[in-house]
Each structure stands twice: as C-alpha cells, then as structure tokens.
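K.L.:
Would you mind keeping the following structure in view while I ask a few things?
Number of protein chains: 2
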Amino acid sequence: MDISLPFDPAAAWLAGGGPDAAIAVTSRVRLARNLANHNFPTHPDQSDRSSVLSDVRNAFQSLPDGDGYTWCEIDRQSNLERHLLLESHLISRELADGTGPRALAFNPAKSISVMVNEEDHLRMQALCSGLRLKDAFASVDQLDNAIASRLAFAYSPLFGYLTSCPTNVGTGLRASVMLHLPALVMTSHIEKVFRAIYEMHMAVRGFYGEGTEAMGDFYQISNQITCGRSENDILADMEASIKAIISYENRAREELLERERPRLEDVIWRSWGILEYARQITSEEAMRHLSNLRLGVVTKILDSLTLESIQRLLLLCQPAHLQQIEGHNLESDERDIARATFLRGSLSLTR
Amino acid sequence: MDISLPFDPAAAWLAGGGPDAAIAVTSRVRLARNLANHNFPTHPDQSDRSSVLSDVRNAFQSLPDGDGYTWCEIDRQSNLERHLLLESHLISRELADGTGPRALAFNPAKSISVMVNEEDHLRMQALCSGLRLKDAFASVDQLDNAIASRLAFAYSPLFGYLTSCPTNVGTGLRASVMLHLPALVMTSHIEKVFRAIYEMHMAVRGFYGEGTEAMGDFYQISNQITCGRSENDILADMEASIKAIISYENRAREELLERERPRLEDVIWRSWGILEYARQITSEEAMRHLSNLRLGVVTKILDSLTLESIQRLLLLCQPAHLQQIEGHNLESDERDIARATFLRGSLSLTR
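Chains X and C supply the protein sequences, listed in that same order.
In terms of my numbering, the first sequence opens at residue 75 and continues consecutively.
In terms of my numbering, the second sequence opens at residue 75 and continues consecutively.
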C-alpha cells in the first residue's frame with residue numbers, strides 16, 4: 075500500500091463527462107459502516123479509535139494488490155494537506171478539522187475514498203462524473219463486500235447497519251448528486267425546485283457537503299431515507315427525481331436562450347471579463363464567475379473552454395490548492411491576489 | 075449666422091487638457107441677464123417670450139461676422155435633438171424639456187452657449203477644459219459686453235443685475251467646476267469634503283447641473299453667493315477652494331497608490347473587463363466604469379487610453395448620442411445593448 079498525499083488533483087471525476095454532464099457534475103454514493111464490538115466514534119470513551127484504525131488498515135492491506143489503496147493518517151497531516159484533501163472532495167470538513175486517530179484510504183483514480191473514524195468507523199464513498207449513481211454504488215458496494223469479508227460490521231437483523239446517527243441506520247447509504255443549476259437561479263425558479271426536493275424526501279446541501287454553503291449555483295442533492303428500503307430502490311428513486319430536476323434546469327436554460335439571450339450572454343461575458351481582468355478575487359466570487367462560464371460552455375456561448383478546464387479551475391482556485399500552487403502559505407488577502415493572477419493567466423491561455 | 079445642429083460632439087472642452095485636468099474636467103462660468111422692460115420668463119404673462127427671442131436673435135445677428143454663432147430654436151427641435159444638446163452640456167434640462175419659444179446660440183468651438191428664455195431671458199455660459207475659471211469668465215464677459223451694447227439689461231444700482239430667482243441677483247454669475255473625485259469616494263472622505271464645500275458657501279450639483287444626480291464620481295461644484303462681491307473676488311475664492319479640493323483628491327490618490335495599489339488596480343481593471351465584455355449596460359453603469367478608467371489613465375495604471383478618448387466615450391454613450399450613432403430611436407433596453415456593443419468596439423480598438 076502506497077503512503078503519500080494526493081497533491082495531484084487529477085481525480086477521475088475532474089474529467090467531466092458521463093450522462094447529463096452539462097448539469098450533473100458528480101454522483102456520489104457513500105456507505106456508513108461501524109465495526110461490531112467497538113465503541114462508535116461518537117462514544118465518550120475514545121479508547122477504541124486506535125484499534126479501529128489498525129483493524130481497518132490491516133483489512134485494506136489484505137486487499138488484493140491491484141486495488142493499490144493509499145493510506146493517509148489525517149492527524150499526521152498539516153493543516154494545508156488536510157484542506158487539500160477536503161477541497162478534492164476526498165474527506166469531509168468534519169474529518170479535516172477533527173481530532174484524534176483518523177485516516178483516509180483512496181484508490182489510484184481517487185474515485186473511491188474511505189474515511190476512518192469520522193462520524194462512523196467507516197465512511198466509504200465512490201465519486202463519478204455525470205449522473206451515474208448506479209456505477210458509483212457498484213464501485214463502493216464491491217469495496218464494501220471486500221471489507222465485510224475481513225471485518226465484522228455492527229448489524230441488526232431488524233434495522234440493518236447500525237450507525238452513530240439514526241438518520242443513517244439501515245442501508246447506511248447516502249447518494250448525492252452535485253447539480254449545476256444556474257438557469258433555475260437566474261429565472262428565480264430555484265426555491266420552487268428546493269420545495270419539490272424536500273417533498274421528495276431529499277436534502278439540498280452545500281458545495282462541501284453537510285453544513286456547508288452552496289456556491290456558484292452548485293447544489294448537492296441527497297436522499298434522506300436510508301432505512302426500510304433496498305439500496306436499489308433508493309437509488310432508482312433518487313435517479314428519477316434528479317432527472318426531473320435536470321429537465322427543469324434544461325427548460326430554464328432553453329427559456330433563457332430563447333427569450334433572454336442578451337441577458338444570458340451579458341452575465342456570462344461579464345464573468346469572463348472579471349476573471350480575465352480582476353487583480354484580487356475571493357474564492358466565492360471566483361466560483362460564481364466560473365459557474366457562469368460553465369453555463370457559457372454548455373450553452374455554446376463560450377467556445378474556448380471545456381467543462382474539464384472549468385472543473386479544474388474551480389478546484390485549483392480554492393484556498394489550499396492555491397497555496398499548494400504558490401508553494402507557501404498565504405494570508406487571505408494574499409490568496410485573493412494570487413487567485414486573480416492564477417485565473418487571469420489560465421484564461422489568457424485560452425484566448 | 076449658421077442654422078444647424080451640433081451633432082458633431084467635437085466641442086473644444088472634449089479635448090481635455092488645461093490646468094489640473096487630471097481632476098478638473100471642465101470649468102464653466104455663466105451669467106444670468108434679463109432684458110429691461112420685458113416680463114421675466116417666470117412671469118405668468120408669457121406674451122413677451124417671442125419678442126425677447128427676436129430681440130436676442132437680432133442682437134446676435136448684428137455681432138461681427140467672425141463670431142459665427144449658430145442659432146437654434148429649441149421648440150422646433152425633436153426630442154432626440156434637444157437631448158443631444160443637453161448631453162453636450164450646451165443647454166439645461168429645463169430648457170430641453172420646457173415649452174414655448176426658447177432658443178440656443180453657440181459659437182463654432184461650442185465653448186460659448188447662450189440659452190434664451192430659460193429661467194432668465196439670457197443664460198450665457200463659457201465652458202473650458204481644466205481649471206480655467208478666469209479664461210471662461212473672460213470669454214463670457216466679452217460676449218456679455220457685446221450684447222449689453224445692443225440690448226438694455228434689467229439692472230438695479232443697488233442690487234446689480236436682476237434675475238428671476240433671487241439667488242442669482244447681483245453679478246448673475248455662477249461659476250462651476252466639474253471635478254472627478256473617485257479617490258475621495260473610494261477612501262470614504264467624500265462626505266467630509268462635501269461638508270467643507272457647504273461651509274465655503276459652495277454647492278455640489280450633479281452631472282447635468284441643478285437637480286440632476288452625480289454619476290461616475292463626477293461632481294459639479296459651484297458658488298452660492300452672487301451678490302455683494304465682484305466677479306473677480308467670487309472667481310478667486312472659488313478657484314482657491316477648488317484647488318484645496320483638488321489637493322485632497324490628489325492626496326487620496328497617492329494614498330491609494332501607496333497603500334492599496336492592488337485594490338485600486340483591481341477596481342480599474344474590473345471596470346475595463348466589464349466594458350470590454352458586457353453585452354448590455356445602462357448609462358449610469360457605463361459612466362461608473364469609464365470614471366474608473368479615467369482614474370486608471372491619470373494614475374498610469376492604464377496606458378492604452380487618453381483622457382480625451384474617455385471624455386468622448388462618456389459623451390457618446392449617453393442615450394441621445396447613442397441613438398444618433400445608431401441612426402434611429404431605441405427603447406431603453408435596446409440602448410443598453412447598443413451601448414455595450416459601442417463601448418466594446420471602442421475599447422477593443424485600443425488593445
């Protein structure tokens with residue numbers, strides 16, 4: 075097993091593509107699991123954390139060679155390194171900013187990552203570009219089976235998998251799709267869509283998952299119900315609902331193109347102008363403009379960029395990645411200047 | 075006397091230049107005069123308006139040939155033509171949007187213009203670029219003497235020249251300087267300067283004079299006191315006060331350049347980016363960004379533009395001039411698109 079850090083952001087999902095990639099940025103399925111006969115991570119007695127860590131590590135080491143997982147102990151990483159992992163969507167803010175023995179394992183394509191000692195002993199996730207919940211589930215299900223054959227999971231015949239928070243009990247499955255919904259925001263239909271999402275028993279989360287803010291019109295939609303239904307039923311329902319939201323966004327885009335093309339072009343080209351010329355820019359503002367550029371690419375108003383290049387810029391202009399590029403720590407206002415310089419240079423290459 | 079319309083905006087003041095041109099855009103001196111033995115224009119009995127008009131016209135026609143004044147009867151002009159004159163600072167909003175017999179006379183350089191039957195029978199003004207109140211006064215004083223030798227003005231030995239509004243009685247002189255004060259706005263010192271201006275018995279007016287709004291950090295500063303002092307004393311006081319404001323703005327610019335250069339460059343280059351890429355833009359927003367470009371030119375952050383080119387763009391992107399360029403009337407939203415296209419084309423020529 076390789077022990078290193080993923081500073082190369084070339085995760086498979088960054089390439090974009092997949093079904094409905096114009097709107098569905100990524101699909102993610104994660105399974106929450108806990109080891110039987112150990113205190114859960116949220117238990118006041120934290121003495122089991124180290125043994126859980128070594129048990130999980132041993133299980134990963136015994137996987138067939140070809141899986142090539144990287145093992146990364148989070149409490150040994152610097153603040154910058156932890157935030158690189160967070161920005162790459164490999165770990166949660168809770169794992170990045172937590173304390174005590176905790177780890178991350180991820181495969182070479184960075185399409186599968188496993189958090190150890192986050193809210194549950196194991197949080198296994200698979201991430202794909204586009205709307206591909208079934209593919210994501212198939213990947214993580216395979217890993218789940220491999221680990222289950224090596225470690226005993228806390229399981230109740232009545233409830234299913236047991237988890238720290240009751241909202242995960244049962245399948246332990248949370249499926250989420252990152253949707254890019256700029257046209258629904260521009261046409262002021264987004265609140266209506268949010269209400270429909272809640273009625274369909276799904277939740278809207280921010281760019282870095284639970285408890286984070288939506289940025290640049292990117293929204294993570296995820297299932298709320300984990301118990302009393304099979305994984306396949308949950309995923310089929312999710313996919314149908316997500317497809318409905320995608321069709322609303324598509325309709326809003328068509329409406330904008332037909333009836334408000336000058337306004338749409340204006341918004342997109344202004345964002346280009348600001349990214350090409352700004353001398354200091356926050357990551358929130360950069361994301362807002364990159365989001366508009368993404369809409370420009372899919373509506374063919376912009377032809378000098380690709381979805382992949384925008385996805386890379388979205389990742390690389392985040393605080394930790396930016397400091398990684400610059401090679402040293404930067405204060406917030408220095409980052410805003412470095413970010414503007416980086417984005418300006420990147421866009422000027424495409425002219 | 076030539077009878078035509080000034081659709082060519084090539085007024086002498088547009089060239090910029092003159093003392094303190096980096097801050098003082100234009101200096102204007104106007105004299106209010108009324109003909110003796112005629113009802114003033116604000117009198118309920120309007121029957122004198124036509125005879126005033128013809129008396130004044132005869133006076134101008136009897137001026138030596140070299141003066142070459144153009145005579146323009148405002149009530150015969152279209153709405154577009156009246157607003158072209160307003161945007162060119164040749165007439166006031168009151169004359170443009172008024173009713174009844176009223177006229178404008180202006181010299182070939184468009185540096186001297188005379189409104190007939192505005193609030194007073196005669197409003198004679200001279201306009202120069204830079205801080206040149208004495209030059210402006212000398213020009214209009216010469217015309218005043220020439221007209222006074224042909225027409226009898228309403229004059230009281232006790233009060234001086236009599237005017238419709240008591241605030242103009244005495245000299246009938248209003249001197250005003252259009253100042254560009256972006257650094258005082260950016261450093262939040264502008265309110266303090268306004269208070270000082272009021273204490274010095276001067277007024278701050280908007281871009282098109284009394285009752286109009288300030289736009290793009292351009293402020294017209296003018297004297298309040300017209301009576302009990304000589305013209306030269308009023309002008310000398312004005313000039314000293316204006317020079318003080320100019321030194322505050324200069325200090326604010328130096329402060330920005332020394333301590334907040336990234337912010338200053340950011341503001342200026344973002345404005346460039348928006349003007350280069352926007353697909354629709356209101357005249358207020360265009361002025362705001364052109365104002366920032368003007369600051370960029372004088373601080374040498376921008377080197378591909380001149381003060382003159384910005385001054386021309388400020389004029390040509392106004393609603394009436396824009397419609398004149400396009401060759402037909404445009405609704406407000408059509409103007410916003412045409413304005414963005416015009417500005418984009420103009421800026422791309424300078425790259």
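All C-beta atoms, glycine included, are put in the ideal place defined by N, C-alpha and C.
Output yes if chain C places a C-beta closer than 9 Å to the C-beta of X/Gln397; else output no.
P.N.:
With 9 Å as the cut-off, X/Gln397 does not count as an interface residue toward chain C.
K.L.:
Pick helix, strand or coil for C/Val354, following the three-state DSSP scheme.
P.N.:
It should be pointed out that residue 354 of chain C corresponds to Gln in this sequence rather than to Val. Correct three-state label for C/Gln354: coil.
K.L.:
Taking Cβ-Cβ distances shorter than 7 Å, what residues in chain C pair up with X/Trp346?
P.N.:
The contacting residues are Tyr351.
K.L.:
Mind checking who C/Ser345 pairs with in its DSSP beta bridge?
P.N.:
According to DSSP, which records beta bridges pairwise, C/Ser345 is partnered with nothing at all.
K.L.:
Can you find the residues in the same chain that come closer than 6 Å, C-beta to C-beta, to X/Glu323, ignoring five residues on each side of it along the sequence?
P.N.:
The answer, listed in chain order, is Ile97, Leu255, Ala257, Leu258.
K.L.:
In chain X, what lies closer than 8 Å to C/Ile411 by C-beta?
P.N.:
Result: Pro336.
K.L.:
Alpha carbons only, please: which of C/Ala360, C/Leu154, C/Ser250 is nearest the one belonging to C/Gln397?
P.N.:
Closest by alpha carbon: C/Leu154.
K.L.:
For X/Ala133, which residues in the same chain have their Cβ closer than 6 Å to its Cβ, ignoring the five residues on either side in sequence?
P.N.:
These residues qualify, in order along the chain: Ile221, Arg224, Leu225.
K.L.:
Inspect the CB distances between the region 399–414 of chain X and the region 102–117 of chain X and report whether three or more fall short of 8 Å.
P.N.:
As far as the Cβ criterion goes, the region 399–414 of chain X does not touch the region 102–117 of chain X, which means the pair count is below three.
K.L.:
Using DSSP with H/G/I as helix, E/B as strand and the rest coil, what is X/Ser422?
P.N.:
Correct three-state label for X/Ser422: helix.
K.L.:
Is C/Ala414 close to chain X? Criterion is C-beta to C-beta, closer than 9 Å.
P.N.:
With 9 Å as the cut-off, C/Ala414 counts as an interface residue toward chain X.
K.L.:
Tell me which residues share the same chain as C/Ser136 and place their Cβ nearer than 8 Å to its Cβ, disregarding the 5 neighbours each side in the sequence.
P.N.:
The residues are Arg224.
K.L.:
By the criterion of Cβ-Cβ separation under 9 Å, what are the contact partners of X/Gln392 in chain C?
P.N.:
Near X/Gln392 there are no residues of chain C at all, since even the closest Cβ is about 20 Å away, more than 9 Å.
K.L.:
Under a CB-based cut-off of 9 Å, is C/Asp119 close to chain X?
P.N.:
By this cut-off, C/Asp119 is not an interface position.
K.L.:
Go ahead and label X/Pro116 buried or exposed: buried means 16 or more other beta carbons lie within 10 angstroms of its beta carbon, across all protein chains shown.
P.N.:
A quick correction: the sequence has Thr, not Pro, at residue 116 of chain X. Exposed: under 16 other Cβ atoms inside 10 Å.
K.L.:
Between the C-alpha atoms of X/Ile77 and X/Asn219, what's the straight-line distance to the nearest angstrom?
P.N.:
Bear in mind that a pLDDT of 41 at X/Ile77, under 50, signals an unreliable position, so the model cannot answer this.
K.L.:
Among C/Val267, C/Asp171, C/His263, C/Glu313, whose alpha-carbon lies nearest the alpha-carbon of C/Leu330?
P.N.:
The candidate whose alpha carbon is nearest that of C/Leu330 is C/His263.
K.L.:
Give the residues from the region 316–343 of chain X that approach chain C closer than 8 Å (Cβ to any Cβ), ordered along the chain.
P.N.:
Flagged, chain order: Pro336, Arg337, Glu339, Asp340, Trp343.
K.L.:
Given the structure, does X/Leu388 come close to the ligand FAD, in the sense that its CB is under 8 Å from one of the ligand's heavy atoms?
P.N.:
The model depicted lacks the ligand FAD and carries no ligand whatsoever.
K.L.:
Identify whether X/Val130 lies in helix, strand or coil by the three-state DSSP scheme.
P.N.:
X/Val130: helix per DSSP, three-state reduction.
K.L.:
Can you name, in chain order, every residue of its own chain whose Cβ lies under 8 Å from the Cβ of X/Thr100, other than the five neighbours on each side?
P.N.:
For X/Thr100, where only same-chain residues beyond five positions count, the Cβ hits under 8 Å are Trp87, His163, Leu201, Cys202, Ser203, Gly204, Val251, Met252.
K.L.:
Buried or exposed: which applies to X/Phe233, given that a residue is buried once 16 or more other Cβ atoms fall within 10 Å of its Cβ?
P.N.:
X/Phe233 should be labelled exposed.
K.L.:
As an exercise, report each continuous alpha helix (DSSP H) stretch of at least 4 residues that is fully enclosed by the region 154–184 of chain C, in chain order.
P.N.:
Entirely contained in the region 154–184 of chain C, the alpha helix (DSSP H) runs reaching 4 residues are, in chain order, 167–171.
K.L.:
Quick check on the burial criterion: 16 or more other C-beta atoms within 10 angstroms. Buried or exposed for C/Lys184?
P.N.:
Classification for C/Lys184: buried.
K.L.:
Helix, strand or coil for C/Val259? Go by DSSP, reduced to three states.
P.N.:
If DSSP states are grouped into helix, strand and coil, C/Val259 belongs with the helices.
K.L.:
I'd like to know if C/Gln460 contacts chain X, where contact means its C-beta is closer than 9 Å to some C-beta of that chain.
P.N.:
With chain C running from 75 to 425 in the structure shown, residue 460 of chain C is simply not present.
K.L.:
Note down the Cα distance separating C/Ala288 from C/Met361, rounded to an integer number of angstroms.
P.N.:
So the alpha carbons of these two residues sit roughly 10 Å apart.
K.L.:
Does the separation of the CB atoms of C/Leu349 and C/Leu367 fall below 9 Å?
P.N.:
In this structure, C/Leu367 lies closer than 9 Å to C/Leu349 by Cβ.
K.L.:
Tell me the residue span of the alpha helix (DSSP H) that contains X/Phe49.
P.N.:
This structure cannot settle anything about residue 49 of chain X, because the visible part of chain X is limited to 75 through 425.
K.L.:
Does X/Gln151 have its Cβ less than 9 Å from a Cβ in chain C?
P.N.:
With 9 Å as the cut-off, X/Gln151 does not count as an interface residue toward chain C.
K.L.:
Using the beta-carbon of each residue, which ones in chain X are nearer than 8 Å to C/Ile354?
P.N.:
For clarity, residue 354 of chain C is Gln in the given sequence; the question names Ile instead. Pro336, Arg337, Asp340, listed in chain order.
K.L.:
Can you give me the start and stop residues for the alpha helix (DSSP H) that X/Ala200 sits inside?
P.N.:
Careful: X/Ala200 lies outside any alpha helix (DSSP H), inside the beta strand (DSSP E) at 196–203.
K.L.:
Relative to the C-alpha of C/Leu417, which residue among C/Asp209, C/Arg353, C/Asp377, C/Leu309 is closest?
P.N.:
When each option's Cα is compared against that of C/Leu417, the closest is C/Arg353.
K.L.:
Please report the straight-line C-alpha distance between C/Arg248 and C/Met198, rounded to a whole angstrom.
P.N.:
For C/Arg248 and C/Met198, the distance between alpha carbons rounds to 10 Å.
K.L.:
Distance check for C/Glu192 and C/Asn111, CA to CA, integer angstroms please.
P.N.:
The alpha-carbon atoms of C/Asn111 and C/Glu192 are separated by roughly 17 Å.
K.L.:
My guess is that X/Leu160 and X/Arg167 are in contact by the Cβ rule of under 8 Å, so how many angstroms apart are they, rounded?
P.N.:
About 6 Å separates the two Cβ atoms, so the contact holds.
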